[in-house]
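See below for the structure under consideration.
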Amino acid sequence: MKKQELTKHKCGAHVITALDSHRCAIPVTLDPYPLNNQGEAAALQQGRSTYQPRHYGQGKRRAHHIKQNPAETVTVLTTHQCNEPIPHDWIKPQAWKTKPTTTNEVLF
Ligand SMILES: [Zn+2]
740 MKKQELTKHK CGAHVITALD SHRCAIPVTL DPYPLNNQGE AAALQQGRST YQPRHYGQGK
800 RRAHHIKQNP AETVTVLTTH QCNEPIPHDW IKPQAWKTKP TTTNEVLF
């Protein structure tokens, strides 16, 4: 198994399957949308776990990870639950890269 990959789950949803540790790793299935702070708190209240990218796959976030690196500062994913998509207001807005403008453009 790859350390992580984007696949389609049995319910039809796109998910990320990843190893959760560098030793005795267990595959975890995650929704592929990065959470904001509110989203991580809501996911944990629902009984889901949250994960953060690591060199071996996705590491489970514990209280000290959440305190030191809030979801707004790192990529945080939550466990997938079939037919229970995460609400849009849990998802962190992406920073869109814009093409730099140049002053040397020739306008016609
Ligand atoms: Zn599913």
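Counting from 740, one number per residue, gives the positions in the sequence shown under our numbering. A virtual CB, placed ideally from N, CA and C, is assigned to each residue, including glycine.
| query | result |
| --- | --- |
| Spatially closest choice to T756 from T812, I830, T818, by CA coordinates | T818 |
| CA nearest to the CA of P826, picked from N775, P792, H804 | N775 |
| Burial state of D828, where buried means 16 or more other Cβ atoms lie within 10 Å | exposed |
| Q784, buried or exposed, once every other Cβ within 10 Å from all chains shown has been counted against 16 | exposed |
| Selection from G786, E823, L769 that minimises the alpha carbon distance to V754 | L769 |
| Best match in L745, G798, E779 for proximity to R787 [C-alpha to C-alpha] | E779 |
| Assumed close pair Q693, V767 - CB separation to whole angstroms, cut-off 8 Å | Nothing can be reported for residue 693: it is not among the residues displayed for the chain, which extend from 740 to 847. |
| Identified DSSP bridge partners for T789 | T817 |
| Limits of the alpha helix (DSSP H) - the one that E823 falls within | No alpha helix (DSSP H) contains E823, which DSSP labels as neither H nor E. |
| Pick from Y795, K799, A752, I765 that is closest to T821, judged by C-alpha positions | The identity of residue 821 in the sequence shown is Cys, whereas the question assumes Thr. Nearest C-alpha to C821: A752. |
| Residue range of the beta strand (DSSP E) that includes L745 | 743-747 |
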